[in-house]
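Protein chains in written order, with this note's numbering: chain R, 934 to 1016; chain S, 610 to 757. Note that the Cβ used here is the ideal one computed from N, Cα and C, for glycine as well. First the structure, in the form of structure tokens, and then the observations on it.
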Amino acid sequence: MKLLYFAWVRQKAGVAEEDVTLPGEVRDVSGVISWLRTRGEGYEAAFCDLSVIRCAVDQEHGGLDTPVAGATEIAFFPPVTGG
Amino acid sequence: MIRVQTEDFDIGAEVAALTAGRTDIGAVVTFSGLVRDANGGSLASLELEHYPGMTEKELARIEREANERWPLQASLIIHRVGKLLPGDNIVLVVAASAHRQAAFEAASFLMDYLKTRAPFWKREDTGGEARWVDARESDGAAAAKWKV
Chain R
934 MKLLYFAWVR QKAGVAEEDV TLPGEVRDVS GVISWLRTRG EGYEAAFCDL
984 SVIRCAVDQE HGGLDTPVAG ATEIAFFPPV TGG
Chain S
610 MIRVQTEDFD IGAEVAALTA GRTDIGAVVT FSGLVRDANG GSLASLELEH
660 YPGMTEKELA RIEREANERW PLQASLIIHR VGKLLPGDNI VLVVAASAHR
710 QAAFEAASFL MDYLKTRAPF WKREDTGGEA RWVDARESDG AAAAKWKV
């Protein structure tokens, strides 16, 4: 599964994109985040305040409870600021 | 029609291309957004990051939604990415309809939704440490009033 990070989430995590194999018990976006936070200080810093984290599963806006089974791409980013 | 590009755009040329050969359009509303220096001279540049793939999907979805809600003859969204300077164009929305009300409302809707749904992020460079722009609650409220 591909994980993507944008804007300051990318900077804090220290990675723009990576291929990972999620642990079997991970069911939803919230599970992915909990797992990421165990992987190092950068991820911990990026995901310490979930109120400012947004996500997309297979390029569709999602939430913490969005299932990730079968997904090919999950992205994490701050609230959008285009326009 | 949607375009994500690094190049600038020419509002007059875009409107002319959209309306060329058409006699059914009675109203064209355009909105363009520019890079604003909110702190009086301290902004050196603005970096626009986006999520290639999802950006185009979201813009297409927003445009489709507008076309379902209003009788539009044509519509266009152009959003620039990359490094921009104060005064540069960032975004262009064009809505064309038979009558002005649909065109005004659709253009407003397109911008409100673009600002809260399309995956773009602005980073301000003021010469020192670059700063990611925070999302504004008022943008969320503006989008919410359309009740999608």
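Val638 (chain S) is outside the set of residues whose beta carbon lies under 8 Å from a beta carbon in chain R. Within chain R, the residues whose beta carbon sits less than 7 Å from that of Glu658 (chain S) are Phe939 and Ala940, listed in sequence order.
Its chain contains Arg612, Phe618 and Leu701 as the residues whose beta carbon lies nearer than 6 Å to that of Ile687 (chain S), once the 5 sequence neighbours on both sides are disregarded; these appear in chain order. For Arg709 (chain S), the nearest beta carbon of chain R is not closer than 8 Å to its own beta carbon. For Phe1009 (chain R), the pairing in a beta bridge is given by DSSP as R:Tyr938 and R:Cys988. Nearest C-alpha to Gly635 (chain S) among S:Ser684, S:Lys724, S:Ala712 and S:Ala669: S:Ala712.
In this structure, the alpha-carbon of Asn676 (chain S) lies about 45 Å from that of Arg972 (chain R).
In the DSSP secondary-structure assignment, Arg972 (chain R) is not bridged to any residue. Relative to Tyr938 (chain R), the option among R:Glu1006, R:Asp961, R:Glu958 and R:Gly1016 whose CA is nearest is R:Glu1006. For Asn676 (chain S), the three-state secondary structure derived from DSSP is helix. Residues of the segment 696 to 722 of chain S with a Cβ closer than 8 Å to any Cβ of chain R, in chain order: Ile699, Val700 and Met720. The beta-bridge partner set that DSSP reports for Val624 (chain S) is empty.
Listed along chain S are Lys724, Thr725, Arg726, Ala727, Pro728, Phe729, Trp730 and Ala744, each with a C-beta nearer than 8 Å to that of Val1013 (chain R).
Taking the Cβ atoms as the reference, Ala744 (chain S) lies roughly 7 Å from Val1013 (chain R), within the contact range of under 8 Å. When C-beta distances to chain S are compared with 9 Å, the residues of the segment 974 to 989 of chain R below that value are Val985, Arg987 and Ala989, in chain order. Below 8 Å, enough C-beta pairs join the segment 654 to 674 of chain S and the segment 987 to 997 of chain R to call them touching: three or more. A straight-line Cα-Cα distance of about 12 Å links Phe1009 (chain R) and Gln944 (chain R). At a cut-off of 8 Å between beta carbons, Met663 (chain S) contacts chain R. With a cut-off of 8 Å on Cβ pairs, the segment 649 to 657 of chain S is in contact with the segment 718 to 738 of chain S, counting three or more such pairs.
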